[in-house]
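So the structure is just underneath, and the comments pick up after that.
2 protein chains.
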Amino acid sequence: MKDQKIRCTPEPTLRRLPLYLGYLKGIETAGQNISCTQIAKEFGFDPTQVRKDIAETGIIGTARVGYNVQELRLKIEAFLGWNKPNEAFLVGAGNLGTALLKYSLFKDKYGLNIVAVFDDDKAKHGAYIAGKQIFPVEKITDLASRMHVPIGIIAIPPEEAQSVADQMVEGGIKGIWNFAPVALKVPEDVVVENARLSTSLAVLTGKLNKMLSI
Amino acid sequence: MKDQKIRCTPEPTLRRLPLYLGYLKGIETAGQNISCTQIAKEFGFDPTQVRKDIAETGIIGTARVGYNVQELRLKIEAFLGWNKPNEAFLVGAGNLGTALLKYSLFKDKYGLNIVAVFDDDKAKHGAYIAGKQIFPVEKITDLASRMHVPIGIIAIPPEEAQSVADQMVEGGIKGIWNFAPVALKVPEDVVVENARLSTSLAVLTGKLNKMLSI
DNA sequence: AATATATCGATATATTTTTATCGATAAAGA
DNA sequence: TCTTTATCGATAAAAATATATCGATATATT
Numbered sequence: 000m001k002d003q004k005i006r007c008t009p010e011p012t013l014r015r016l017p018l019y020l021g022y023l024k025g026i027e028t029a030g031q032n033i034s035c036t037q038i039a040k041e042f043g044f045d046p047t048q049v050r051k052d053i054a055e056t057g058i059i060g061t062a063r064v065g066y067n068v069q070e071l072r073l074k075i076e077a078f079l080g081w082n083k084p085n086e087a088f089l090v091g092a093g094n095l096g097t098a099l100l101k102y103s104l105f106k107d108k109y110g111l112n113i114v115a116v117f118d119d120d121k122a123k124h125g126a127y128i129a130g131k132q133i134f135p136v137e138k139i140t141d142l143a144s145r146m147h148v149p150i151g152i153i154a155i156p157p158e159e160a161q162s163v164a165d166q167m168v169e170g171g172i173k174g175i176w177n178f179a180p181v182a183l184k185v186p187e188d189v190v191v192e193n194a195r196l197s198t199s200l201a202v203l204t205g206k207l208n209k210m211l212s213i
Numbered sequence: 000m001k002d003q004k005i006r007c008t009p010e011p012t013l014r015r016l017p018l019y020l021g022y023l024k025g026i027e028t029a030g031q032n033i034s035c036t037q038i039a040k041e042f043g044f045d046p047t048q049v050r051k052d053i054a055e056t057g058i059i060g061t062a063r064v065g066y067n068v069q070e071l072r073l074k075i076e077a078f079l080g081w082n083k084p085n086e087a088f089l090v091g092a093g094n095l096g097t098a099l100l101k102y103s104l105f106k107d108k109y110g111l112n113i114v115a116v117f118d119d120d121k122a123k124h125g126a127y128i129a130g131k132q133i134f135p136v137e138k139i140t141d142l143a144s145r146m147h148v149p150i151g152i153i154a155i156p157p158e159e160a161q162s163v164a165d166q167m168v169e170g171g172i173k174g175i176w177n178f179a180p181v182a183l184k185v186p187e188d189v190v191v192e193n194a195r196l197s198t199s200l201a202v203l204t205g206k207l208n209k210m211l212s213i
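Taken in order, these protein sequences are the chains called A and B. Under numbering that gives the first Met the number 0, the first residue of the first sequence is numbered 0, with each subsequent residue one higher. Under numbering that gives the first Met the number 0, the first residue of the second sequence is numbered 0, with each subsequent residue one higher.
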């Protein structure tokens, strides 16, 4: 029973799909069809890999033709859940939180709809940023459970992150987008995706460091 | 001659090292030594994997004891190049750029020192944000080559990203931290790390989408 | 002092991810 | 119409990554 193991999409595939999507959006006017070969060339990937990634979405292509651009775009969006608004709570109205809120691409392109903002700074409570009212952190659990919000975004210092995550879980939030540099402990049925910029920076400086020292 | 292939650190390892680092910083007062087993438990990883990751830094541990906490921290920092200031140019003084600039952790913890900011909005030229003056984008090449700045950060809309990357490369920049959702084309000796938030969001919503539909 | 145990480093195995191959097929060109 | 070619989907091979095993060793326990 333990080894049921639902076959799930490889994470690298999930990371590449948004790239393809961005590309498709840019060329939608150009032509009707697109092949894996073309997409692969754009990104320097292997065509077979692109084909496998795309196959995950369930789309059926045509030999010698490829895929219909618009259909492929819609399939990827549906697969990622970006075709419908994903409601989210944002915790942390500091620099990062504010940037996330104002970054309109999230709403426009990825369907991420931040419906409320929370912060533990009393001075901010009741104020608005980017049209959203700021609430006290203690209200997360209650509001999340009543509004059935599925996603929580953590953009606060690491010390408070676990406590906020606990409150989110208690409120029934199923996915946490975590910008704090800590390992959150959550139940198995809650997905945590760490968007830690430091991780990305490490890859850059680590490679650079190696390269420049050779 | 083409297949020289320098043995390089696996990217997953580079991604995990900052996690260990953050953990080490949190416990430094707690004790003298730390074992892979303990670190692994903290993150839910396999101890052998942690040991391999750590081995990349060149540290030597002691059987039955583990590693000296402080030494390990310093080794990881040195390995990632975070022990010395990494000078960088930031292009884009919008929401994201400003957040990056103000996010003090980058400077304090990761040694990322943003020395100048560029934007193509004439109204911003000469102004200061977070103590840094804003320059016209056209000056990147000249300034980068004269100041020998190794890192460029791209925090602008996708349309302009490639052009800015070209200017960075021309100025001798060797590492680009790219926040724009496009595939940058650069010479082989330039490292590009894509810090695309959309990619991370895709992993979250993709998994959620699958989970909630089962 | 002898034995047990945790942990290291090294090596071997397993799993996952990427890349290559192959037959089938739809369009283009001879 | 027949051949050639690009591309698909499926399957196989290769490469990368993660996990397991094993002898050695330093500390703790009997």
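C-beta atoms are modelled at their ideal positions from N, C-alpha and C, and glycine is treated no differently. If you're wondering where the values come from, they're calculated on a predicted model, not measured in any experiment.
Under DSSP, the alpha helix (DSSP H) around residue i begins and ends at which residues?
i	result
P11(B)	10 to 26
V189(B)	From DSSP, V189(B) is part of no alpha helix (DSSP H); its letter is neither H nor E.
A143(B)	139 to 146
A77(A)	68 to 79
N94(B)	94 to 101
N208(A)	196 to 211
E169(B)	157 to 169
If we define contact as Cβ-Cβ less than 8 Å, is residue i a contact residue for chain A?
i	result
T204(B)	yes
E27(B)	no
T56(B)	no
A143(B)	no
V163(B)	no
T61(B)	no
G65(B)	no
M210(B)	yes
Quick one: what's got a C-beta closer than 7 Å to residue i's C-beta in the same chain, skipping five residues either side?
i	result
T8(B)	E55
K31(A)	Lys is not the amino acid found at residue 31(A); the sequence shown has Gln there. Same-chain partners within the cutoff: N67, V68.
E41(B)	Y22
V191(B)	I175, N177, L183, V185
E10(B)	none
P84(A)	G110, N112
Under the rule that 16 or more other beta-carbon atoms within 10 Å means buried, what is residue i, buried or exposed?
i	result
S144(A)	exposed
G170(A)	buried
V168(B)	buried
S199(B)	buried
A154(B)	buried
G125(B)	exposed
D118(B)	buried
A62(A)	exposed
V202(A)	buried
S162(B)	exposed
V90(A)	buried
S197(B)	buried
R15(A)	buried
D188(A)	exposed
R195(B)	buried
Strictly by DSSP, which residues pair up with residue i?
i	result
D45(B)	The partner list for D45(B) (beta bridge, DSSP) is empty, contrary to what the question assumes.
P135(A)	D118(A)
T61(B)	G65(B)
G151(B)	F88(B), I175(B)
N32(A)	N67(A)
L111(A)	N85(A)
I128(B)	K131(B)
For residue i, decide whether its Cβ has a neighbour in chain B, counting only Cβ atoms nearer than 8 Å.
i	result
A194(A)	yes
V168(A)	no
C35(A)	no
G171(A)	no
Y102(A)	yes
N94(A)	yes
M0(A)	With a pLDDT of 33 at M0(A), under the threshold of 50, the predicted position of this residue should be treated as unreliable, though the coordinate-derived value follows. Chain B contact via Cβ: absent.
A126(A)	no
E76(A)	no
F42(A)	yes
Tell me which same chain residues have a C-beta within less than 6 Å of the C-beta of residue i, skipping the five on either side of it?
i	result
F105(B)	L111
P46(B)	C35, T36, A39
Q166(A)	I139, T140
E27(A)	V68
V64(A)	N32
G151(A)	F88, M167, I172, I175
Ends of the beta strand (DSSP E) at residue i?
i	result
F87(B)	Residue identity differs from the one stated: residue 87(B) is Ala in this sequence, not Phe. Where A87(B) is concerned, the enclosing beta strand (DSSP E) stretches over 85 to 90.
Residues in its own chain within less than 8 Å of residue i by CB, not counting five upstream and five downstream?
i	result
V114(B)	E86, A87, F88, K131, M146, V148
P157(A)	A179, P180, V181
I58(A)	Y66, E70, L71, K74
Is residue i near the ligand ATP, judged by its Cβ being under 7 Å from some heavy atom?
i	result
E158(B)	Ligands displayed in this structure: none; no statement on the ligand ATP is therefore possible.
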